[in-house]
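Numbering (this note's numbering), first residue to last: 159 to 466. Just below is one structure, and these are the notes that go with it.
Here's what the structure looks like:
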């Protein structure tokens, strides 16, 4: 990504956003998955299933939304903002090369995954440090409890509940069952820290949104099938538990993701919604943050505090 020149370019300060990346089309899925696995081929059936999911949502907007977030952040901070994808383009090495050409002398690095785990933020750090970098890097480990991030989620939660409540048999936002979700990770290493941070984000959002009662619960989504046990409970088990308690609808807010992509547009909007329907339940979701002004303000405040 080539950022727009700013008055601060001469100072050598910049921001680097790191994200997972997503294939540009269904045809790119096999190459994308090889990058995700580090070159280890997956069974043909698994590749076809991922391609099927991408075909159902058209394409993942993750890369485009990340670049939009970078542009908004650059405008907000008057700093050059670069974006590097761990598993797709623009790649992390390409971003670092461009930053070197632009004469960057120090950069704040923010992963677009607010809660820290070895299988997310840890892999971003490893991918970053695998490259020779001729300038100073200030790597932000986690920002799961930043007040402006919490405000961004709370705003979307309130609005989503307001719009869904009339369809939920007249229920108000105080008694609609809400499931907060984050991407599951294998139960090893720092998974306890990740578990705590994800749940803390959810608790802070509940408080900020002013939700005083009703069913509030937490689940991990998009569990893998390899590497031993993964963090739970699953969303499906949580939906079943809410059904046993007499609920006929659920509302999901993913607080581990900052924009729309396949884990949101397929896993939640298609997979979990279809599962809920088999249980005669309705499922609703809060909008993703995407270009939320509060999200951009949170990123800007983090960067300024590090560079200041």
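Think of the CB as a built atom: it goes at the ideal place given N, C-alpha and C, for glycine as much as any other residue. All figures in this text were calculated on a predicted structure; none of them were measured in a lab.
For the alpha helix (DSSP H) that residue i lies in, which residues bound it at each end?
| i | result |
| --- | --- |
| residue 318 | 305-322 |
| residue 263 | From DSSP, residue 263 is part of no alpha helix (DSSP H); its letter is neither H nor E. |
| residue 516 | Given a span of 159 to 466 for the chain in the structure shown, any question on residue 516 remains unanswerable. |
| residue 285 | 279-287 |
| residue 375 | That residue, residue 375, is in no alpha helix (DSSP H); its beta strand (DSSP E) goes 374-379. |
| residue 190 | 187-194 |
Residue i by DSSP, collapsed to three states: which one?
| i | result |
| --- | --- |
| residue 232 | helix |
| residue 442 | strand |
| residue 450 | coil |
| residue 208 | helix |
| residue 164 | Low confidence applies to residue 164: its pLDDT is 47, below 50, so where it sits in the model is not reliable enough to give any reading. |
| residue 249 | strand |
| residue 200 | coil |
| residue 298 | strand |
| residue 363 | helix |
| residue 336 | strand |
| residue 159 | Residue placement at residue 159 cannot be trusted, given a pLDDT of 47 that sits under 50; what the coordinates show is reported in the next sentence. Coil. |
Measure the beta-carbon distance from residue i to residue j and round it to whole angstroms, keeping in mind my assumption that it falls under 8 Å.
| i | j | result |
| --- | --- | --- |
| residue 218 | residue 181 | 7 Å |
| residue 381 | residue 342 | 4 Å |
| residue 225 | residue 208 | Incorrect: roughly 23 Å between the Cβ atoms, too far for contact. |
| residue 205 | residue 187 | 7 Å |
| residue 392 | residue 377 | 6 Å |
| residue 454 | residue 230 | 5 Å |
| residue 340 | residue 413 | 6 Å |
Using a Cβ-Cβ distance cut-off of 7 Å, determine whether residue i contacts chain B.
| i | result |
| --- | --- |
| residue 408 | Given the protein chain composition of this structure (a single chain), no chain B is represented. |
Just reading off the beta strand (DSSP E) that residue i is part of, what are its end residues?
| i | result |
| --- | --- |
| residue 242 | 239-243 |
| residue 174 | 171-177 |
In its own chain, which residues sit with a C-beta less than 6 Å from the C-beta of residue i, not counting the 5 before and 5 after it?
| i | result |
| --- | --- |
| residue 351 | none |
| residue 467 | One cannot answer for residue 467 here, as it falls past the ends of the chain, which runs 159 to 466. |
Please return the same chain residues whose Cβ sits closer than 8 Å to the Cβ of residue i, not counting the five positions on each side in sequence.
| i | result |
| --- | --- |
| residue 318 | 409, 411, 442, 443, 444 and 445 |
| residue 297 | 267, 283 and 286 |
| residue 417 | 219, 220, 223, 224, 227, 270, 446, 447 and 448 |
So, at 7 Å on beta carbons, what are the nonlocal neighbours of residue i in its own chain, with the 5 sequence-adjacent residues on each side left out?
| i | result |
| --- | --- |
| residue 313 | 452 |
Complete alpha helix (DSSP H) runs within the stretch 401-435 (minimum length 4 residues, chain order): Listed in chain order, the complete alpha helix (DSSP H) runs (minimum 4 residues) inside the stretch 401-435 are 420-423.
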